[in-house]
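First up is the structure itself, then whatever we jot down about it.
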Amino acid sequence: MKRTFLKIRKDILNTLETGSKSITRIAYESRTTWKTAQRHLLWLEKIEGRVKIVRKTKRKIIYKKI
Numbered sequence: 001m002k003r004t005f006l007k008i009r010k011d012i013l014n015t016l017e018t019g020s021k022s023i024t025r026i027a028y029e030s031r032t033t034w035k036t037a038q039r040h041l042l043w044l045e046k047i048e049g050r051v052k053i054v055r056k057t058k059r060k061i062i063y064k065k066i
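Sequential numbering of the sequence shown, starting at 1, is according to my numbering.
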C-alpha cells in the first residue's frame with residue numbers, strides 16, 4: 001500500500017528531529033527515493049516553512065527542521 005504524502009512528510013520531519021541531514025540521508029532514513037524526498041522537502045520549505053536549508057553546495061543540500 002502506498003503511503004500518503006502526509007505520512008511521507010511526517011516521516012521526513014521525524015528524520016530531521018536528530019539534526020541536519022542531506023537529502024540522500026533523509027531519503028534513506030525515511031524510506032523514500034531521493035526525488036520524492038527532494039520534492040517533499042521543497043514543499044516543507046517553501047509552502048509550510050517547517051524546514052530550511054543550512055548549507056547548499058553544487059552537489060549537496062543540507063536541511064534542518066525549524
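Beta carbons are placed, not taken as given, at the ideal position from N, Cα and C, and that holds for glycine. Just so we're clear, the structure is a prediction, and the values are computed from it rather than from any experiment.
Collapsing the DSSP output to three states places Ile26 in a helix. Excluding the 5 residues flanking it on each side, Lys46 has no same chain C-beta neighbour closer than 8 Å. In the structure shown, the three-state DSSP call for Ile66 is coil.
Ile53 sits in a strand when the DSSP states are folded into three classes. DSSP, reduced to helix, strand and coil, places Ile8 within a helical segment of the structure shown.
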